[in-house]
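Here the structure is laid out as structure tokens; the discussion comes afterwards.
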Amino acid sequence: MELRLGVVQNRPKFLKSADNLKAAFELMDRHEADLWVLPEFFASGYNFKTKREAAKCAESADGPLVSLLKAYSSKNACAIVAGFPEKAGKRLYNSAVLVDGEKSRTYRKTHLFGGEKRFFSPGDTGFWTQDVRGVPVGVMICFDWFFPESARTLALKGAQVLAHPSNLVLPWGPEGMKIRSLENRVFSATANRVGAERGLRYIGQSQMVAPNGELCFRLGGDRPQAAVVEIEPWTAKDKKVHPANDLFADRRPRLYGR
Ligand code: ACM
Numbered sequence: 024m025e026l027r028l029g030v031v032q033n034r035p036k037f038l039k040s041a042d043n044l045k046a047a048f049e050l051m052d053r054h055e056a057d058l059w060v061l062p063e064f065f066a067s068g069y070n071f072k073t074k075r076e077a078a079k080c081a082e083s084a085d086g087p088l089v090s091l092l093k094a095y096s097s098k099n100a101c102a103i104v105a106g107f108p109e110k111a112g113k114r115l116y117n118s119a120v121l122v123d124g125e126k127s128r129t130y131r132k133t134h135l136f137g138g139e140k141r142f143f144s145p146g147d148t149g150f151w152t153q154d155v156r157g158v159p160v161g162v163m164i165c166f167d168w169f170f171p172e173s174a175r176t177l178a179l180k181g182a183q184v185l186a187h188p189s190n191l192v193l194p195w196g197p198e199g200m201k202i203r204s205l206e207n208r209v210f211s212a213t214a215n216r217v218g219a220e221r222g223l224r225y226i227g228q229s230q231m232v233a234p235n236g237e238l239c240f241r242l243g244g245d246r247p248q249a250a251v252v253e254i255e256p257w258t259a260k261d262k263k264v265h266p267a268n269d270l271f272a273d274r275r276p277r278l279y280g281r
């Protein structure tokens, strides 16, 4: 079955979670999708200056933000992947939750970027896949893209769709994700934000890429927007790039060492 895959590109107002959640839902309300991908820290904003500031926005994985996402998911019969600062005991994680009705599962960012290392603990969940409408979906967050192991691990675990909540600030992410899709023959949906926060500018260009590395679409760099594409997820099962070359069967892990 086809999957209607959507991305939300928002412009959160820093630390105004309720407003930002409402604005994201308004963008989603204009479309129908089976799976939505929202940016990293889409409700809180990103550029925290202190751990205390980050902690004030952080919630547990069964906190009010996830409850509101579950309510939207149930009401609109869609699954949602969305980034949020997660509080777990004394630790903070840069997390993304996959919500599907009342069910949820959390991924904690493996490869922290820049100043995140001052406040957040490196993720300890590892990479997992979860079925959405029968389609195995994997989650990776923003800078995880720079480590080919992230997408490769998810693809080896069977992911047909990579949900990629982001707050991209470096210029290479959108083009880089075309390669991640191509080399793993999977769909990827990168949801980035736009705008600036305390001098940090986010590049937008949220996009979706097909298993052949081609763009389904790429949004602009300055406007909040949502877009949905109907994809044929099963095409990601075919890892052949030539009749003689199946990218997974041809791997030589014994020779890769460290
Ligand atoms: C990033 O990982 N937010 C660049």
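Taken in order, the sequence shown gives residues 24 to 281; the numbers are from my numbering. Yeah, the Cβ is synthetic: ideal placement off N, Cα and C, and Gly gets one too.
Check: For VAL89 and VAL120, I'd like the C-alpha separation in whole angstroms.; Outcome: 8 Å
Check: Grouping DSSP H, G and I as helix and E and B as strand, with all else coil, what is TRP257?; Outcome: helix
Check: Compare the C-alpha of TYR95 against each of TRP168, LEU242, GLY106 and ASP123 and name the closest.; Outcome: ASP123
Check: Three or more C-beta pairs closer than 8 Å, one from the region 189-198 and one from the region 159-174: is that the case here?; Outcome: yes
Check: In this structure, does DSSP put LYS263 in helix, strand or coil?; Outcome: strand
Check: Please classify ASP52 as buried or exposed, where buried requires at least 16 neighbouring CB atoms within 10 angstroms.; Outcome: exposed
Check: Measuring only from the beta carbon, is GLY137 closer than 8 Å to any heavy atom that is part of the ligand ACM?; Outcome: yes
Check: Opposite LEU121 in the DSSP bridges: which residues?; Outcome: VAL104 and ARG128
Check: For the beta strand (DSSP E) that LEU58 lies in, which residues bound it at each end?; Outcome: 58-60
Check: What first and last residue would you give for the beta strand (DSSP E) that runs through CYS165?; Outcome: Segment: none, CYS165 is in no beta strand (DSSP E) and carries neither H nor E.
Check: Using a 10 Å radius around the Cβ and a threshold of 16 neighbouring Cβ atoms, would you call GLY222 buried or exposed?; Outcome: exposed
Check: Measure the beta-carbon distance from ALA77 to PHE142 and round it to whole angstroms, keeping in mind my assumption that it falls under 8 Å.; Outcome: 5 Å
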